[in-house]
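This note's numbering puts the first residue of the sequence shown at 1030, with every later residue one more than the last.
What follows is one structure encoded as structure tokens, with my remarks underneath.
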Amino acid sequence: MSEPLRFEPAELIASFGLADAAAQYYRHLMVENARVNLVSRTTDYPQFERLYAESLLPLRITAVLPDSRYLDIGSGGGFPAVPLLQGIPEIVSATLIERRQKKAAALSRVFDQLELTGRFFSKSFEEISLPGPFELITLRWVNLTADLLDRILKRLSPQGLFIYYSAPDFPVTDLQPVITTYVLPGSEQPRSISCWHQR
């Protein structure tokens, strides 16, 4: 088993040229967070940097297809969608699912401030009939189940990539993910990112 990846959040963000973009996102996120609980009320900038850097970490592991249509399930405060949209020019359209209407509206306002474009749905993934397929799908704040994985893979294009910001806690019988472990600065507790490639 390979050693976990180690990184400094600020350095990882800077390596993508996104330090200023991240700071701008933080400012607008905190304005909306005072109205709607998008992230923890105690989130300071170092904690925000960790969330932002973790969102970008898959780009150190794998590549995204050109002209990718992107779907994020359970968007919350915009992780990983905002960092990925700021860091991946290959994304040509973004669809974001956040079933809580107030959160979806607040995140939409953040998008407007950052001049990002996205289509928002304030329903659950199972309730929506989505256009597709998608070349990139991400899941961070929603627990992955076998049924949900099956639904997601059916929406993934033949060359697509599904990123889950954890590891499945059930046996995966068909398409196997590539699981990468990493540790955050000041911690030895391993975390996981799982990537499913259709190709």
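A virtual CB, placed ideally from N, CA and C, is assigned to each residue, including glycine.
With respect to residue 1140, residue 1171 sits apart: the two C-beta atoms are not nearer than 9 Å.
Counting along the chain, no beta strand (DSSP E) covers residue 1053; the unbroken alpha helix (DSSP H) around it starts and ends at 1048 to 1062. Residue 1040 and residue 1187 have their alpha carbons spaced roughly 34 Å apart. In this structure, the alpha-carbon of residue 1093 lies about 7 Å from that of residue 1190. A direct Cα-Cα distance of roughly 12 Å separates residue 1074 from residue 1048. Taking C-alpha positions only, residue 1207 is separated from residue 1081 by approximately 22 Å.
Between residue 1204 and residue 1225, the alpha-carbon positions lie close to 7 Å from each other.
Contact annotation: residue 1146 and residue 1113 have beta-carbon atoms that are not nearer than 9 Å. When DSSP states are grouped into helix, strand and coil, residue 1101 belongs to the strand group. Separation of residue 1169 and residue 1194 (C-alpha to C-alpha, rounded to the nearest whole angstrom) is 5 Å. Between the alpha carbons of residue 1150 and residue 1038 lies a gap of roughly 30 Å.
For residue 1199 and residue 1180, the gap between their C-alpha atoms comes out near 15 Å. The beta-carbon separation of residue 1136 and residue 1125, rounded to 7 Å, stays under the 8 Å limit for a contact.
For residue 1123, the enclosing beta strand (DSSP E) begins and ends at 1120 to 1126. Between residue 1097 and residue 1164, the C-beta spacing is below 9 Å.
Scanning its chain for C-beta atoms nearer than 6 Å, with the 5 sequence neighbours on each side dropped, one finds around residue 1121 the residues 1096, in chain order. In this structure, the straight-line span from the alpha carbon of residue 1079 to that of residue 1051 is close to 11 Å.
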